[in-house]
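Protein chains in written order, with this note's numbering: chain A, 51 to 204; chain B, 2 to 271.
Where a beta carbon is used, it is the ideal one built from N, C-alpha and C, also for glycine.
Values in this document were obtained by computation on a predicted structure and should not be read as measured data.
Comments concern the structure below.
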């Protein structure tokens, strides 16, 4: 186990290493967006109501409403990016059945550096407790962070 | 009997059919009357969609490229800069180049591959639209061909192994992803030798030797193992920046587009 003071430095090294590995991915389908706008060192969670699943290339977007008393409407609109249609279908997503408009979900995500509401979706948990994984690089980042938190290196 | 011997034998059979027919005699009743159909029957079954065994992160190339020492200094600098946390990657227009072969991969991670094998030609294509045509008719590899998206290839059978030699790749194709911004380029004088064999486990194994003197310090060798993926359903995968909301049309740089769709339903009632 690492001393707590070294954890953030260690995590940063792990994340940089993961960055190199992700950049070295071979599949060409992976190769169209970076994660430059995304803070992959931090995982946040929100409870939300699904507004729309944008089933579009090159990347699918999930729009959700998150309760926020500071907003006049009582809600803040969040945008979550996932992978391409090809990649998400491989991850088990479907256009019509993965989420439903109005569904209550819990989302783990990597936030945007600029603080805007949204980011890269890591996991989506449904009301029945079932979990739908996000894009595989996001899952890899999540696994690396969890391992770093435990003092493990994958 | 190997594929190469089978096809050679069938070519001989075809010649015999022609000769006997010309002499007014019936051909050997045990030989097929359709040499083209017989040639197809001699070929290994590479039909269907193929994915890399082990998923998108699998593959021998990745293991080789973990060691950044394989790269020439400029290529390594680009990779390290682009992988730094918060790196601002730009150049979105690069996404609009057609899908290319870069010597590293035929796809199969997220974009399954088809190996369309015919008696005198192999066509390799994938879910991303890459297209390679490999004549297997005894012709020699052209010298100094013009660059093309799939390169210029020839194939020949060595027993049950198909050996493909490829040159003429676009030097400005990126590596290891073939359309990745801020990645090193494969450069000039790239030479690829692939050896394809369907093994006893019904896996299509490709042993590749990639020579790219402007990218790599020395040729690298790696193995890619493909498994059949009968559940794969082809879907368009358009990564052109003209259709990409995540590319700022003003700057060409990447962005996270927060413009909501026009048809969002209203928020749930409080």
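- Query: Closer than 8 Å, CB to CB, is residue 113 of chain A near chain B or not?
  - Reply: Counting from one through the first chain, the residue named residue 113 of chain A turns up at place 63. Among the residues facing chain B, residue 113 of chain A is included, as its CB has a counterpart in that chain under 8 Å away.
(message) Closer than 8 Å is the cut-off here; do at least three beta carbon pairs connect the stretch 183 to 193 of chain A with the stretch 129 to 144 of chain A?
(response) Yes, they touch.
Identify every residue that forms a DSSP beta bridge with residue 126 of chain A. Indexing the first chain from 1 puts residue 126 of chain A at position 76. According to DSSP, residue 126 of chain A bridges with A:116.
Bridge partner(s) assigned by DSSP for residue 176 of chain A:
Walking along the first chain from the start, residue 176 of chain A turns up at place 126. DSSP, once it has assigned bridges, lists A:155 as partnering residue 176 of chain A.
Quiz item: Should residue 96 of chain A be labelled buried (16 or more other beta-carbon atoms within 10 Å of its own) or exposed?
Solution: One-based indexing of the first chain puts residue 96 of chain A at position 46. Buried, because 16 or more other Cβ atoms sit within 10 Å of the Cβ of residue 96 of chain A.
* With which residues is residue 169 of chain A paired in a DSSP beta bridge? -> Within the first chain, the letter at position 119 stands for residue 169 of chain A. For residue 169 of chain A, the beta-bridge partners assigned by DSSP are A:130, A:161.
Exercise. Round the Cβ separation of residue 79 of chain B and residue 185 of chain B to the nearest angstrom and send it over; I've been treating them as touching at under 8 Å.
Key: Residue mapping note: residue 79 of chain B aligns to position 78 of the second chain, counting from 1. Residue mapping note: residue 185 of chain B aligns to position 184 of the second chain, counting from 1. At roughly 5 Å, the Cβ-Cβ gap stays under 8 Å, so residue 79 of chain B and residue 185 of chain B are in contact.
| message | Checking the sheet assignment: what are the DSSP bridge partners for residue 255 of chain B? | response | Residue numbering aside, residue 255 of chain B sits at position 254 when the second chain is read from its first letter. According to DSSP, residue 255 of chain B bridges with B:248.
Can you find a CB in chain A that lies within less than 8 Å of the CB of residue 231 of chain B? The count along the second chain starts at 1 and reaches residue 231 of chain B at position 230. By this cut-off, residue 231 of chain B is not an interface position.
Exercise for review: State buried or exposed for residue 23 of chain B, treating a residue as buried only when at least 16 other CB atoms are found within 10 Å of its CB.
Suggested key: Taking the first residue of the second chain as 1, we reach residue 23 of chain B at position 22. Interpretation of residue 23 of chain B is limited by its pLDDT of 41, a score under 50 that renders its predicted location unreliable; no figure is taken from the coordinates.
Check your understanding: When you compare each of B:52, B:121, B:104, B:195 to residue 115 of chain B by their alpha carbons, which one comes out closest?
Key -> To locate residue 115 of chain B, count along the second chain from 1; it is residue 114. Closest option to residue 115 of chain B, Cα to Cα, is B:52.
Paired residues, beta bridge with residue 159 of chain B - DSSP: Taking the first residue of the second chain as 1, we reach residue 159 of chain B at position 158. In DSSP, residue 159 of chain B forms a bridge with B:162.
- prompt: If you pair each beta-carbon of the stretch 145 to 163 of chain A with each one of the stretch 89 to 109 of chain A, do three or more pairs fall below 8 Å?
  reply: Under the 8 Å Cβ criterion, the stretch 145 to 163 of chain A counts as touching the stretch 89 to 109 of chain A, having at least three qualifying pairs.
>> Taking CB distances under 8 Å as the criterion, tell me whether residue 108 of chain A reaches chain B.
In response: The residue given as residue 108 of chain A occupies position 58 in the first chain. Closer than 8 Å to the CB of residue 108 of chain A there is at least one CB belonging to chain B.
**Stretch-stretch touch, CB-based, cutoff 8 Å, three pairs: the stretch 151 to 170 of chain B with the stretch 123 to 142 of chain B** = Counting Cβ pairs under 8 Å, three or more are found: they touch.
Exercise. Would residue 233 of chain B pass as a contact of residue 47 of chain B if the rule is Cβ separation under 8 Å?
Worked result: Translated into positions along the second chain, residue 233 of chain B becomes position 232. Translated into positions along the second chain, residue 47 of chain B becomes position 46. Residue 47 of chain B is positioned such that its CB atom lies no closer than 8 Å to that of residue 233 of chain B.
_Distance between residue 43 of chain B and residue 179 of chain A (C-alpha atoms, nearest Å)_ = In the first chain, the residue the question calls residue 179 of chain A occupies position 129. In the second chain, the residue the question calls residue 43 of chain B occupies position 42. Their backbone Cα atoms lie some 52 Å apart in a straight line.
Open item on the list: Pull the bridge partners of residue 92 of chain A from the DSSP assignment, please.
Closed with: Reading the first chain from its first residue, position 42 is the one you call residue 92 of chain A. None; residue 92 of chain A has no bridge partner.
(message) Using beta carbons (cut-off 8 Å, strictly below), is residue 268 of chain B in contact with chain A?
(response) Position 267 of the second chain, counted from the first residue, corresponds to residue 268 of chain B. Closer than 8 Å to some Cβ of chain A, the Cβ of residue 268 of chain B qualifies, so yes.
Does the beta carbon of residue 159 of chain A come closer than 8 Å to any beta carbon on chain B? If you number the first chain from 1, residue 159 of chain A lands on position 109. So, not an interface residue.
query = What number of angstroms, rounded off, separates the C-alpha of residue 138 of chain A from the C-alpha of residue 150 of chain B?
reply = For this step, residue 138 of chain A is matched to residue 88 along the first chain. For this step, residue 150 of chain B is matched to residue 149 along the second chain. Here the alpha carbons of residue 150 of chain B and residue 138 of chain A stand approximately 27 Å from one another.
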